[in-house]
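Heads up, the thing below is written out as structure tokens.
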Amino acid sequence: MEITPEVVKRVAANARLKLKEEEVKKFAQEMKDILANFAKLSEVNTDGVEPSFHPIPVKNVVREDKPGKCLDREEALSLTPHRKDKYFRGPKVL
Amino acid sequence: MIKKFVADAKAGKIDLVEHAQKALEEAEKINEEYHYLTAYADVIERAKELQEQVKNGTAKGRLFGVLISVKDSICVKNVETTASSAILKGYKPLYNATVIKKCLDEGAIILGKTVIDEFGFGGFSTNVGIGYQKPLNPLDKKRATGGSSGGAAGLTRKATFPHIAFGESTGGSIVNPASFCGVVGLCPTYGRVSRYGLIDYGNSLDKIGTMGQTVDDAALLLEIISGKDEKDSTSADVPVPSLDTPGAVSGIRIGIVKEAFGEGIDNNVRKKVLDAVYQLEKKGARKIEISLPISMNYGVPTYFTLAPAEASTNLAKYCGMRYGANEPLTGTYNEYFSRVRNNNFGEEAKRRLLLGTFARLAGYRDAFYNKAAKVRTKIIHEYKHAFEQVDVLITPTVAITAPTFEEIKKLTPLQNFMIDLLTVSPNLAGLPHITIPCGEANGMPVGMMIIGPHFAEQKIIQVAKAYDVHQ
Numbered sequence: 801m802e803i804t805p806e807v808v809k810r811v812a813a814n815a816r817l818k819l820k821e822e823e824v825k826k827f828a829q830e831m832k833d834i835l836a837n838f839a840k841l842s843e844v845n846t847d848g849v850e851p852s853f854h855p856i857p858v859k860n861v862v863r864e865d866k867p868g869k870c871l872d873r874e875e876a877l878s879l880t881p882h883r884k885d886k887y888f889r890g891p892k893v894l
Numbered sequence: 245m246i247k248k249f250v251a252d253a254k255a256g257k258i259d260l261v262e263h264a265q266k267a268l269e270e271a272e273k274i275n276e277e278y279h280y281l282t283a284y285a286d287v288i289e290r291a292k293e294l295q296e297q298v299k300n301g302t303a304k305g306r307l308f309g310v311l312i313s314v315k316d317s318i319c320v321k322n323v324e325t326t327a328s329s330a331i332l333k334g335y336k337p338l339y340n341a342t343v344i345k346k347c348l349d350e351g352a353i354i355l356g357k358t359v360i361d362e363f364g365f366g367g368f369s370t371n372v373g374i375g376y377q378k379p380l381n382p383l384d385k386k387r388a389t390g391g392s393s394g395g396a397a398g399l400t401r402k403a404t405f406p407h408i409a410f411g412e413s414t415g416g417s418i419v420n421p422a423s424f425c426g427v428v429g430l431c432p433t434y435g436r437v438s439r440y441g442l443i444d445y446g447n448s449l450d451k452i453g454t455m456g457q458t459v460d461d462a463a464l465l466l467e468i469i470s471g472k473d474e475k476d477s478t479s480a481d482v483p484v485p486s487l488d489t490p491g492a493v494s495g496i497r498i499g500i501v502k503e504a505f506g507e508g509i510d511n512n513v514r515k516k517v518l519d520a521v522y523q524l525e526k527k528g529a530r531k532i533e534i535s536l537p538i539s540m541n542y543g544v545p546t547y548f549t550l551a552p553a554e555a556s557t558n559l560a561k562y563c564g565m566r567y568g569a570n571e572p573l574t575g576t577y578n579e580y581f582s583r584v585r586n587n588n589f590g591e592e593a594k595r596r597l598l599l600g601t602f603a604r605l606a607g608y609r610d611a612f613y614n615k616a617a618k619v620r621t622k623i624i625h626e627y628k629h630a631f632e633q634v635d636v637l638i639t640p641t642v643a644i645t646a647p648t649f650e651e652i653k654k655l656t657p658l659q660n661f662m663i664d665l666l667t668v669s670p671n672l673a674g675l676p677h678i679t680i681p682c683g684e685a686n687g688m689p690v691g692m693m694i695i696g697p698h699f700a701e702q703k704i705i706q707v708a709k710a711y712d713v714h715q
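For the record, the sequence lines run as chains A and B.
Residue 831 in the numbering used here is what sits at position 31 of the first sequence, and the numbering runs on without skipping anything.
Residue 393 in the numbering used here is what sits at position 149 of the second sequence, and the numbering runs on without skipping anything.
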């Protein structure tokens, strides 16, 4: 499998990381080594095996549909300078 | 030590304010030299509150007056909590994690936050975030504490005041540093302890656990924080037995994991752990050899596929908007988020976000993420089968003793991952495990790891306590 700088850039864009050129180069080489090693997972026969997403059985849990106390708006907004009136302020969408 | 202190504190035999002041000064002095703490709670204010309770006759709780340090990935109200990452710089949670609430209800004093590999991404605590100092091993400052709960382990070893630490393990982050620093580290079954208020690394793997100078101390705190919590839907509705249990090993079948004593394990480490097992045999345990070929050979690639994949989604929320690091709002959404994230995540965090995102990408997902999730099933079954034959499993905790920073610098990322060789598989299977010091090799502490079936915390504690550290 070829991990080129282009693949790393595509992955980084997906991960919302604006990597510098030298980072792209470095991570491309490292990921190549790491993934070449991880490819040995294909040696394990997993025919008919279900994947596990938890180590113990986990089931859906629902609580009673009743309003409870939640975080105060002013408090929630207190952790950032990026706010306007009752809202968080974000960067431009377009 | 803790029990007697708590009884004395409640009886008014200890001036808690004076005690807390002294402990704080000691912690600050240790911190200057070894870099274990990233933030302090209001220790004196809390001590005054407890002292008042003594005066009023309302003093209560199993941790009354005991100082508790908290791994920096667990939220403490109004105390800076960053998972030792620059991207959360300045974040002071508006609420307490469930484990913090539980120990405050038992009269504890929160000391502060202990440094970690950023978000838990490491086995040496050398991957602390931008602007953080890496912790130094309490027995040799040229060496690492282990990770990722490195600050917790170092402080537990160094503190002379009664103290218990919160750690957290995703792939071995409690027992690894505990082993390198020569203290007890106790990681519960997945789901035994509520994760509410824990900063996620890998949500199907993360477990809050404890560290202490003795098994009793670590067990006491674990018993207090265990149990179902409506705020964490994955917390298990399973009764919590008393963990204040005497050592007992007579008739216990101990599985010696063959592969964990073979190639790649330091000879001196192997010998120390086998000596410790022999001591347990003399006390009536029966030794049985067990082979875990899939867990031992494929645990590392399975873990380092699944854990970063989960991390890459869990860390998507850090974007410099609502809390933590922020910058002037220039550029579009994606430009702003990508810039803030790249400026504030450290190198290992970026590496794992890339790996995890890659493993989930269309086209690669089947070969990596889905495949690893299936191998995880086989690992879980392999342990299940082993526990049909034995009561507990024993391995060295880490294959080597604490390396120097110089040695660590020379490791490739893949070699870094290999430090977790013996701990990732019990973590993938969600099994409770404990490390206890069992002597020294190469002048540094060696840890013996005892692993039990799901929810058998009591059993591993019994075996750990049967081992006599002083023999």
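For glycine and all other residues, C-beta sits at the position ideal for the given N, C-alpha and C.
Predicted model, so just to flag it, every value in this text is computed and none were measured.
- Going by beta carbons, residue 499 of chain B and residue 630 of chain B fall inside the 7 Å limit.
- By the Cβ rule, the stretch 625 to 642 of chain B does not count as touching the stretch 862 to 882 of chain A, because fewer than three pairs are nearer than 8 Å.
- With respect to chain B, the C-beta atom of residue 875 of chain A has a partner C-beta closer than 7 Å.
- For the 7 Å CB-CB criterion, residue 613 of chain B and residue 551 of chain B do not form a contact.
- By DSSP's assignment, residue 313 of chain B forms a beta bridge with B:356, B:409.
- Counting other Cβ atoms within 10 Å of its Cβ, residue 484 of chain B reaches 16 or more and is therefore classed as buried.
- Rounded to whole angstroms, the gap between the alpha carbons of residue 386 of chain B and residue 275 of chain B is 16 Å.
- Apart from the 5 residues on each side of it in sequence, residue 643 of chain B sits with its Cβ closer than 7 Å to the Cβ of 508, 509, 510, 513, 665, 666 in its chain, given in chain order.
- Interface flag for residue 696 of chain B against chain A is unset, since no Cβ pair is found closer than 7 Å.
- Rounded to the nearest whole angstrom, the CA to CA distance from residue 311 of chain B to residue 352 of chain B is 6 Å.
- Under DSSP, residue 384 of chain B shares a beta bridge with B:381.
- For the stretch 849 to 861 of chain A, residues whose beta-carbon sits nearer than 8 Å to a beta-carbon of chain B comprise 849, 850, 851, 852, 853, 854, 855, 856, 858, 860, 861.
- Contact of residue 437 of chain B with chain A by beta-carbon distance below 9 Å is absent, the smallest such distance being about 13 Å.
- Taking the Cα positions, residue 654 of chain B is about 14 Å away from residue 371 of chain B.
- The beta carbon of residue 437 of chain B is closer than 6 Å to those of 452, 469, 470 in its chain, skipping five residues each way along the sequence.
- When C-beta distances to chain B are compared with 8 Å, the residues of the stretch 823 to 838 of chain A below that value are 823, 827, 830, 831, 833, 834, 835, 837, 838, in chain order.
- Cβ contact annotation for residue 473 of chain B (same chain, cutoff 8 Å, sequence separation greater than five): 342, 438, 440, 479, in chain order.
- No Cβ of chain A is located within less than 7 Å of the beta carbon of residue 609 of chain B.
- As the crow flies, the alpha-carbon of residue 691 of chain B is around 8 Å from that of residue 517 of chain B.
- Counted as a single uninterrupted DSSP element, the stretch harbouring residue 306 of chain B is not any beta strand (DSSP E), since DSSP gives it neither H nor E.
- With a threshold of 7 Å between beta carbons, residue 618 of chain B makes contact with chain A.
- Take residue 624 of chain B, set aside five residues on each side of it, and the residues of its chain with a beta-carbon closer than 6 Å to its own are 673, in chain order.
- Taking the beta carbon of residue 804 of chain A as reference, no residue of chain B falls within 9 Å; the closest one sits roughly 12 Å away.
- Residue burial annotation: residue 852 of chain A is buried, with at least 16 other C-beta atoms found within 10 angstroms of its C-beta.
- The stretch 523 to 543 of chain B makes contact with the stretch 487 to 507 of chain B: 3 or more CB pairs, one atom from each, lie closer than 8 Å.
- The beta carbon of residue 316 of chain B is closer than 7 Å to those of 282, 325, 326, 327, 328, 357, 358, 359, 360 in its chain, skipping five residues each way along the sequence.
- Taking a contact as a CB-CB distance under 8 Å, the pair residue 364 of chain B and residue 412 of chain B counts as one, their CB atoms being some 7 Å apart.
- Between residue 547 of chain B and residue 419 of chain B, the alpha-carbon positions lie close to 16 Å from each other.
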